[in-house]
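Residue numbers (the UniProt record's numbering), protein chains in the order written: chain D, 1 to 219; chain S, 1 to 219.
Single-structure report; data block below.
Here's what the structure looks like:
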């Protein structure tokens with residue numbers, strides 16, 4: 001549903017900084033696809049509980065991954081409402097005035113109800129989506145998942161129906177009188193992820209080369 | 001209270017990966033102090049709502065920052081329970097088997113009830129804690145906050161009484177038979193933040209130098 005707008009519900013409609021809101025699916029997908037760690041939150045005993053976990057996206061479905069032993073994922077599995085947040089910090093914005101200091105960022109806050117993916121083939125497909133997002137190339141390279149191993153993980157699917165998407169990508173928004181004053185520097189420190197050189201496992205045999213999908217993982 | 005252990009409540013006690021749990025405050029403080037963006041979650045109309053926002057720590061208090069117009073912060077201000085999550089991804093762990101693929105990370109999940117910092121001096125002090133964490137040096141360098149500007153922001157204080165702290169910092173945990181097999185590479189791709197060169201604001205006068213606190217911000 002790439003052309004279907006994101007549901008403009010009250011909770012997913014940014015009000016304070018409405019001009020930063022994005023309502024197109026393409027931006028939502030780009031933000032999700034640019035990361036691999038989300039913060040999944042749910043309500044437990046009336047209080048919010050957050051769990052950082054890996055994810056992947058296939059079309060309009062977000063797949064989340066975890067152990068069946070993780071109590072937050074077990075709770076999420078029971079059809080409760082989730083909030084899944086993915087935020088990328090792109091810059092630290094230094095303004096002339098303290099009050100206009102801020103961050104440049106891209107954030108996607110997805111609201112929805114998860115369902116557990118139980119069917120064997122669908123579960124493998126969901127795991128593949130997550131694997132292809134976090135460690136592209138590993139699905140083909142690594143030793144596959146046995147039925148027993150598959151039983152030890154949970155795969156949750158969250159429909160991408162309702163989301164709040166915000167992007168800030170600009171310099172400081174200083175007051176006219178501070179700009180006119182002319183004495184103070186203002187600008188942005190870019191922030192980005194960087195991947196280092198691969199570190200072999202301590203128990204790795206000496207003659208196994210680093211595979212290309214690790215060496216050249218997009219960062 | 002650096003020697004007081006973190007409250008071992010049921011929701012803040014990791015069960016699945018108990019060996020990754022840390023119960024000392026020093027580790028909690030190190031994880032919080034290593035970042036500046038958190039995911040704050042609360043319950044609104046029975047559903048979880050997450051807001052990414054900046055923070056700073058002073059002793060055993062976490063200060064969160066936002067506009068008074070942000071509805072999530074207004075809700076948090078009314079004394080509801082919060083969950084504040086800070087996660088650093090340190091590595092992508094490639095195992096010989098798919099099921100042991102994972103991340104190296106440090107995560108702090110704080111549970112607590114926020115209170116609004118309303119007193120003028122205490123609010124300024126809280127803002128300074130946040131500023132010193134996100135943009136160290138700016139408090140001294142930038143134009144200070146007027147009373148009107150101060151009224152436009154909310155400062156929330158969350159006590160660091162209850163938190164779930166987890167650290168994974170090791171190579172892949174493969175099965176013996178996969179290690180013995182010896183055909184596949186396993187190891188870790190380190191992940192880190194990087195700060196780029198400062199980008200001056202488009203409206204900056206040409207002769208204002210980049211201040212040292214921006215040039216040499218710890219990254």
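All residues carry an ideal CB built from backbone N, CA and C; glycine is no exception.
For this session: State yes or no: is the C-beta of residue 38 of chain S nearer than 8 Å to some heavy atom of the ligand SAM?
Result: This structure simply doesn't include the ligand SAM, nor any ligand for that matter.
Exercise. What number of angstroms, rounded off, separates the C-alpha of residue 2 of chain D from the C-alpha of residue 158 of chain S?
Worked result: Any reading at residue 2 of chain D needs caution, since the residue's pLDDT is 43, under 50, leaving its predicted position unreliable; the model's value is listed next. About 40 Å.
For this session: Determine the direct distance from the alpha carbon of residue 91 of chain D to that of residue 181 of chain S, and round the result to whole angstroms.
Result: 45 Å
Exercise. Touching or not, the region 91-101 of chain S and the region 50-66 of chain S, by the rule of three or more beta carbon pairs under 8 Å?
Worked result: no
Exercise. If you draw a straight line from the alpha carbon of residue 204 of chain D to that of residue 60 of chain S, how long is it in whole angstroms?
Worked result: 42 Å
Exercise. Using a Cβ-Cβ distance under 9 Å, would residue 163 of chain D count as near chain S?
Worked result: no
For this session: Flag residue 160 of chain S as yes if its beta-carbon sits less than 9 Å from any beta-carbon of chain D, otherwise no.
Result: no
Exercise. Should residue 200 of chain D be flagged as near chain S, meaning a C-beta pair shorter than 9 Å?
Worked result: yes
For this session: Tell me, to the nearest whole angstrom, how far the beta carbon of residue 99 of chain D is from that of residue 140 of chain S; I am working on the premise that it is less than 8 Å.
Result: That pair is no contact at about 15 Å.
Problem set entry | Counterpart residues of residue 199 of chain S in DSSP-defined beta bridges | D:188
For this session: Give every residue of the same chain whose Cβ lies closer than 7 Å to the Cβ of residue 191 of chain S, excluding the five residues on either side of it in the sequence, and list them in chain order.
Result: Sequence-distant partners of residue 191 of chain S (beyond 5 residues in either direction) whose C-beta falls short of 7 Å from its own C-beta, in its chain, are 89, 90, 91, 92.
For this session: Decide if residue 172 of chain S is buried, meaning its Cβ has at least 16 other Cβ atoms within 10 Å, or exposed.
Result: buried
Exercise. Applying the criterion that 16 or more other CB atoms from any shown protein chain within 10 Å of the CB defines a buried residue, is residue 152 of chain S buried or exposed?
Worked result: exposed
Exercise. What three-state label does DSSP hand residue 42 of chain S in the structure shown?
Worked result: Note: residue 42 of chain S maps to strand in three-state DSSP.
Exercise. Residues of chain S with a CB under 7 Å from the CB of residue 97 of chain D: which are they?
Worked result: Those within 7 Å of residue 97 of chain D in chain S are 142, 143.
For this session: Please classify residue 194 of chain D: does DSSP put it in a helix, a strand, or coil?
Result: strand
For this session: Pick helix, strand or coil for residue 1 of chain D, following the three-state DSSP scheme.
Result: Reliability fails at residue 1 of chain D, whose pLDDT of 40 lies under 50, so the model's placement of it is uncertain and no value is given.
Exercise. What residue range is occupied by the uninterrupted beta strand (DSSP E) comprising residue 86 of chain S?
Worked result: 81-94
Exercise. Going along the chain, which residues of the region 105-121 of chain S sit with their C-beta nearer than 9 Å to a C-beta in chain D?
Worked result: Residues passing the 9 Å Cβ filter: 105, 107, 109, 111.
For this session: Using a Cβ cut-off of 9 Å (strictly closer), state whether residue 2 of chain S contacts chain D.
Result: Because the pLDDT of residue 2 of chain S is 43, which lies under 50, any placement of that residue in the model is unreliable, and the question is left without a value.
Exercise. Name the DSSP beta bridge partners of residue 58 of chain D, please?
Worked result: D:61
For this session: Tell me whether the beta-carbon of residue 229 of chain S lies closer than 9 Å to the beta-carbon of residue 51 of chain S.
Result: Lying before the first or after the last residue shown, residue 229 of chain S is absent from chain S, which here runs from 1 to 219.
Exercise. So what's residue 115 of chain S in DSSP terms, helix, strand or just coil?
Worked result: strand
Exercise. Roughly how far, in whole angstroms, is the beta-carbon of residue 32 of chain D from the beta-carbon of residue 37 of chain S, given that I think they are within contact range, below 8 Å?
Worked result: Actually they are not in contact, since the Cβ atoms of residue 32 of chain D and residue 37 of chain S sit about 17 Å apart, beyond 8 Å.
For this session: For residue 107 of chain S, I'd like the list of residues in its chain whose CB is within less than 6 Å of its CB, leaving aside the five on either flank, ordered along the chain.
Result: 87, 166
Exercise. Where does residue 124 of chain D fall in DSSP's three states?
Worked result: helix
For this session: Check residue 204 of chain S in the structure and name its three-state DSSP category.
Result: coil
Exercise. At which residues does the beta strand (DSSP E) containing residue 168 of chain D begin and terminate?
Worked result: Run containing residue 168 of chain D: 162-168, per the beta strand (DSSP E) assignment.
Exercise. Of all the CB atoms in chain S, is at least one closer than 9 Å to the CB of residue 60 of chain D?
Worked result: no
For this session: Evaluate residue 174 of chain D with the Cβ neighbour count: other Cβ atoms within 10 Å of its Cβ, from every protein chain shown; 16 or more gives buried, anything less gives exposed.
Result: buried
Problem set entry | Contacting residues, own chain, Cβ-Cβ under 8 Å from residue 188 of chain S (five flanking each side not counted) | 91, 92, 93, 94, 104, 171, 172
Exercise. For residue 111 of chain S versus residue 156 of chain S, is the C-beta spacing smaller than 9 Å?
Worked result: Not closer than 9 Å, so no.
Exercise. Does any C-beta atom of chain S lie closer than 9 Å to the C-beta of residue 39 of chain D?
Worked result: yes
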